[in-house]
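Chemist: What follows is a single structure, and I will ask about it in a moment.
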Amino acid sequence: MKKHIIVGTAGHIDHGKTSLIEALSGFQGDTLEEEKKRGITIDLSFSNLENEDTNVAFIDVPGHEKLLKNMIAGAFGFDACMVAIDANEGIMPQTNEHLEILNLLEVNYIIVALTKSDLAENSTIEKQIKNIKEYFKNFDNIQLKEIIPVSIYDKESIEKLKHILFNIPVIPKTSNHLFRYYIDRSFSLAGAGQIVTGTVLDGRIKVGEKIYAPEINSEFKVKNLQVHEKDVEEATNSQRTAINLQGNSKSPVKRGLLLCKKGYIKGFNSVDVFIQSISGHSLKHNSTLSVFIGTKQVEAKILFLENKEEQKSGYATLNFKEKLFLVYNEPFVISISGRVIGGGRILNPINDPIKKRVKLQLLSYLKERDFKSAFSILCNIHKKGFGLISSNQRFGLNHDEALQIAKEIDNIFVDEKELVLFPLEIKDKLKNMVKEIYTKNEYALLSASSLALKIKWASISLLEKVLEELTEEGLLNLENGIYKNANVEIKNIDTHIEEKIFQIIKDANFTPDAPYNIYDSLDCDRKMGDTALKKLTKARRVVRLTHNLFVESKSLSSIVNIMREIIKNEGYIDVKNFKNHYNFSRKYLIAYLDYLDNFDDIKKEDNRRLLTN
Numbered sequence: 032m033k034k035h036i037i038v039g040t041a042g043h044i045d046h047g048k049t050s051l052i053e054a055l056s057g058f059q060g061d062t063l064e065e066e067k068k069r070g071i072t073i074d075l076s077f078s079n080l081e082n083e084d085t086n087v088a089f090i091d092v093p094g095h096e097k098l099l100k101n102m103i104a105g106a107f108g109f110d111a112c113m114v115a116i117d118a119n120e121g122i123m124p125q126t127n128e129h130l131e132i133l134n135l136l137e138v139n140y141i142i143v144a145l146t147k148s149d150l151a152e153n154s155t156i157e158k159q160i161k162n163i164k165e166y167f168k169n170f171d172n173i174q175l176k177e178i179i180p181v182s183i184y185d186k187e188s189i190e191k192l193k194h195i196l197f198n199i200p201v202i203p204k205t206s207n208h209l210f211r212y213y214i215d216r217s218f219s220l221a222g223a224g225q226i227v228t229g230t231v232l233d234g235r236i237k238v239g240e241k242i243y244a245p246e247i248n249s250e251f252k253v254k255n256l257q258v259h260e261k262d263v264e265e266a267t268n269s270q271r272t273a274i275n276l277q278g279n280s281k282s283p284v285k286r287g288l289l290l291c292k293k294g295y296i297k298g299f300n301s302v303d304v305f306i307q308s309i310s311g312h313s314l315k316h317n318s319t320l321s322v323f324i325g326t327k328q329v330e331a332k333i334l335f336l337e338n339k340e341e342q343k344s345g346y347a348t349l350n351f352k353e354k355l356f357l358v359y360n361e362p363f364v365i366s367i368s369g370r371v372i373g374g375g376r377i378l379n380p381i382n383d384p385i386k387k388r389v390k391l392q393l394l395s396y397l398k399e400r401d402f403k404s405a406f407s408i409l410c411n412i413h414k415k416g417f418g419l420i421s422s423n424q425r426f427g428l429n430h431d432e433a434l435q436i437a438k439e440i441d442n443i444f445v446d447e448k449e450l451v452l453f454p455l456e457i458k459d460k461l462k463n464m465v466k467e468i469y470t471k472n473e474y475a476l477l478s479a480s481s482l483a484l485k486i487k488w489a490s491i492s493l494l495e496k497v498l499e500e501l502t503e504e505g506l507l508n509l510e511n512g513i514y515k516n517a518n519v520e521i522k523n524i525d526t527h528i529e530e531k532i533f534q535i536i537k538d539a540n541f542t543p544d545a546p547y548n549i550y551d552s553l554d555c556d557r558k559m560g561d562t563a564l565k566k567l568t569k570a571r572r573v574v575r576l577t578h579n580l581f582v583e584s585k586s587l588s589s590i591v592n593i594m595r596e597i598i599k600n601e602g603y604i605d606v607k608n609f610k611n612h613y614n615f616s617r618k619y620l621i622a623y624l625d626y627l628d629n630f631d632d633i634k635k636e637d638n639r640r641l642l643t644n
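If you want our numbering, it's the position in the sequence shown, counting the first as 1, plus 31.
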């Protein structure tokens with residue numbers, strides 16, 4: 032299987048990035064007229080270099096300080112970066128700024144190309160190599176792998192650089208296999224329609240599948256995929272991909288939008304992060320700044336959680352004016368007035384009402400990827416169930432990984448089927464609730480599923496466990512899947528429940544409750560109640576008029592006779608004159624009138640029933 036690597040090219044203006052890419056791949060990156068005219072890369076330029084085993088995709092980003100946001104947009108997709116440094120000029124302001132950004136985004140595989148080396152003395156080159164190695168000691172998250180002097184006029188140096196690029200290893204990435212893709216370009220082509228380009232940040236996408244743009248609430252079908260101008264059936268992680276979208280959207284499909292699978296990522300106006308400054312900058316509490324995430328740029332207000340004085344780093348909440356659809360550990364960069372001042376990682380992309388002290392503890396665990404401790408905190412916060420259904424977005428874990436961690440935690444109940452965690456202490460509360468039901472109604476006949484209809488926050492598996500423990504304690508007995516009071520003798524449960532249901536329907540006369548309401552009043556399992564009602568209907572003790580209306584047979588005969596008398600006296604019966612006699616709800620009036628249609632001597636004209644003679 033071919034290896035796919037995305038290599039960014041960064042560096043100071045006029046240090047030869049774009050020319051170097053052309054020498055390597057034959058692609059002239061400065062394709063826009065303005066780019067050619069000004070001689071600098073304005074937007075992101077894309078090309079690739081490949082052999083039999085490896086495809087190296089280049090993202091050539093701008094070096095000019097005024098075009099910094101385009102550099103940041105490109106850097107989010109890098110697996111590695113080739114930094115162009117002029118052999119004579121050495122490290123310059125934009126070189127440093129690019130390295131700061133790469134350090135923030137933890138792009139830790141760096142190759143330095145000492146460009147224009149044919150114009151520099153050997154002693155100068157040696158001096159630059161020494162300076163560069165020393166300079167890289169200032170950074171924590173990037174590693175200098177190679178320094179190679181090159182010239183676009185020296186084929187041997189270019190071939191050597193190609194060899195280094197082809198041998199970049201596949202950089203392991205934390206993946207939850209959740210498809211995510213930020214649009215960096217969007218345009219239309221005659222005969223094809225909407226085209227977007229970007230980098231597959233995680234997961235995979237196939238032709239024919241549906242993808243979703245959550246910010247504009249629009250779903251599209253993938254009509255075609257291209258990876259470096261070649262049609263493909265599937266695009267995967269770390270591939271530069273063009274997607275032909277099919278579908279209509281009321282809002283424009285533009286740069287910065289996220290594409291993902293529908294239903295997997297929720298949007299929030301605030302997220303919790305760890306943030307740090309660079310180059311001696313300080314971060315002010317309650318200040319407004321620009322946040323770059325993927326190819327998106329948005330305004331946010333920063334609220335520190337620990338100290339409201341100026342800080343170099345710390346845990347904070349970022350508040351946005353719009354909903355953002357972010358995931359755990361997603362990197363971001365911040366700037367003020369066009370200057371990058373810092374960045375960080377998303378720690379809690381799902382907004383929970385959590386007390387500050389507890390939130391700080393949670394964020395510290397998330398920062399260290401201590402999910403076991405994070406799960407314990409969240410489980411104690413959400414005593415009525417902490418769901419793992421969003422574990423992909425919230426922790427970067429698939430469901431199996433999240434469950435495996437949950438099983439290692441003491442004092443919690445793990446519902447593997449419904450993906451919910453409960454603190455074990457909640458079982459005592461549920462036991463008391465069940466005991467109260469059987470105390471008020473000693474003839475209650477419940478199952479875990481029927482109990483879940485009463486206690487909606489509790490999962491069936493948890494309730495089953497509670498009922499089992501109450502049975503072990505001698506308070507309940509289990510018979511045919513139904514739990515009955517152990518201290519009450521019921522000779523035949525089926526007959527008992529039939530008679531109870533029949534008596535309630537009979538006593539209600541013309542206006543009986545819906546079956547589920549009857550079952551709830553009896554604290555009776557719904558499945559058992561449905562079985563009993565079917566037997567009563569088959570025996571003609573009750574008659575079913577609609578899906579949720581059953582009437583005792585004698586009561587039905589009585590109301591039919593009453594309706595016949597109304598017809599005889601008034602010439603007809605309809606909803607209006609029927610209601611004048613009996614102030615039933617419309618549900619009963621309509622059902623009884625419809626029942627009259629079963630008789631041969633009664634006909635329907637419009638909404639009236641009349642005798643045929």
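Virtual Cβ for every residue (Gly too), placed ideally from N, Cα, C.
What is the rounded straight-line gap between the Cα of PHE363 and the Cα of LEU394?
Modeler: A straight-line Cα-Cα distance of about 17 Å links PHE363 and LEU394.
Chemist: Can you tell me which of the three DSSP states ILE242 falls into?
Modeler: strand
Chemist: Buried or exposed: where does GLU503 fall if 16 or more other Cβ atoms within 10 Å of its Cβ makes it buried?
Modeler: exposed
Chemist: In whole angstroms, what is the alpha-carbon distance linking PHE581 and ASN516?
Modeler: 28 Å
Chemist: Would you tell me roughly how many angstroms separate the C-alpha atoms of SER56 and LEU80, rounded to the nearest one?
Modeler: Straight across, the Cα-Cα distance linking SER56 with LEU80 is about 5 Å.
Chemist: Please state whether DSSP places MET113 in a helix, a strand or coil.
Modeler: strand
Chemist: Can you tell me the Cα-Cα spacing of GLU131 and ALA489, whole angstroms?
Modeler: In a straight line, the C-alpha of GLU131 is about 49 Å away from that of ALA489.
Chemist: Going by the beta-carbon positions, is the gap between ASN579 and VAL606 smaller than 8 Å?
Modeler: no
Chemist: Who are the near neighbours of ALA647 in its chain, counting only those whose CB is closer than 8 Å to its CB and skipping five residues on each side?
Modeler: As displayed, the chain neither begins before 32 nor continues past 644, which places residue 647 out of reach and without an answer.
Chemist: Please list the segments of the beta strand (DSSP E) lying wholly inside the region 191–268, counting only runs of 3 or more residues, in order along the chain.
Modeler: 211–220, 224–233, 235–237, 241–244, 249–258, 261–263 and 265–267
Chemist: Would DSSP call ASP551 helix, strand or coil?
Modeler: Helix.
Chemist: Around the C-beta of SER588, are 16 or more other C-beta atoms found within 10 angstroms, so that it is buried, or is it exposed?
Modeler: exposed
Chemist: Say whether the region 289–300 touches the region 370–379, bearing in mind that this needs 3 or more beta-carbon pairs closer than 8 Å, one atom from each stretch.
Modeler: no
Chemist: Return the first residue and the last residue of the alpha helix (DSSP H) that ARG557 is part of.
Modeler: 557–569
Chemist: Please work out which residues of its chain come closer than 8 Å, Cβ to Cβ, to LYS285, disregarding the five sequence neighbours upstream and downstream, and give them in chain order.
Modeler: So the qualifying residues of the chain are ILE214 and SER217.
Chemist: Starting from the Cα of PHE533, find the closest Cα among PRO384, VAL573 and SER78 and give me that residue.
Modeler: Checked all of PRO384, VAL573 and SER78; the closest Cα to PHE533 is VAL573.
Chemist: As a quick exercise: from HIS46, ASP84, PHE251 and LYS315, pick the residue whose alpha carbon is nearest that of LYS33.
Modeler: ASP84
Chemist: Is it buried or exposed for PHE630, if we count other Cβ within 10 angstroms and need 16 for buried?
Modeler: exposed
Chemist: Where SER310 and GLU157 are concerned, what is the direct C-alpha to C-alpha distance, given to the nearest angstrom?
Modeler: 27 Å
Chemist: Helix, strand or coil: how does DSSP classify ALA118 here?
Modeler: The three-state reading of DSSP puts ALA118 in coil, since its state is none of H, G, I, E or B.
Chemist: How close, in whole Å, do the beta carbons of GLU601 and ASN592 come, if the pair is a contact with beta carbons under 8 Å?
Modeler: Not a contact, Cβ separation roughly 15 Å.
Chemist: So, helix, strand or coil for LYS328, using DSSP?
Modeler: One point to set straight first is that residue 328 is Gln, not Lys, in the sequence displayed. Looking at GLN328 - three-state DSSP - the assignment turns out to be strand.
Chemist: Report the three-state DSSP secondary structure of ASP171 (helix, strand or coil).
Modeler: coil
Chemist: Would you mind sorting LYS390 into buried or exposed? The rule is 16 or more other CB atoms within 10 Å of its CB.
Modeler: When all chains shown are included, LYS390 counts as buried.
Chemist: Can you list the beta strand (DSSP E) stretches of 3 or more residues lying completely in the region 442–483, in chain order?
Modeler: Uninterrupted beta strand (DSSP E) stretches at least 3 residues long and entirely within the region 442–483 occur at 443–446 and 451–454, given in chain order.
Chemist: ASN119: which of VAL87, ASP185 and THR155 sits nearest, CA to CA?
Modeler: THR155
Chemist: What are the boundary residues of the beta strand (DSSP E) that VAL606 is part of?
Modeler: Segment 606–612 is the alpha helix (DSSP H) holding VAL606; no beta strand (DSSP E) there.
Chemist: Give the straight-line distance between the Cα atoms of LEU314 and PHE89, rounded to the nearest whole angstrom.
Modeler: 33 Å
Chemist: Among ASP149, VAL227, LEU450 and ASP538, which has the Cα closest to the Cα of SER586?
Modeler: ASP538
Chemist: For GLN307, which of ILE324, ASN275 and LYS343 has the nearest alpha-carbon?
Modeler: LYS343
Chemist: Let me know the secondary structure DSSP gives GLU65 once reduced to three states.
Modeler: Reliability of the predicted coordinates at GLU65 is poor, the pLDDT of 37 falling under 50, and no value is obtained from them.
Chemist: Taking the alpha helix (DSSP H) that ILE376 falls in, what are its first and last residues?
Modeler: The sequence shown places Arg at residue 376, not Ile. Taken as a continuous stretch (DSSP letters only), ARG376 belongs to no alpha helix (DSSP H), being part of the beta strand (DSSP E) at 370–379.
Chemist: Could you round the C-beta distance between GLY42 and ALA115 to whole angstroms and report it? I think they count as a contact, below 8 Å.
Modeler: 4 Å
Chemist: Pick out whichever of VAL329, ASN614 and SER366 has its Cα sitting closest to the Cα of GLU645.
Modeler: Outside the modelled stretch of the chain, which goes from 32 to 644, sits residue 645, for which no answer is possible.
Chemist: Does the Cβ of LYS618 lie closer than 7 Å to at least one heavy atom of the ligand MN?
Modeler: This structure simply doesn't include the ligand MN, nor any ligand for that matter.
Chemist: Is the region 272–282 close to the region 225–240, with three or more CB pairs under 8 Å?
Modeler: yes
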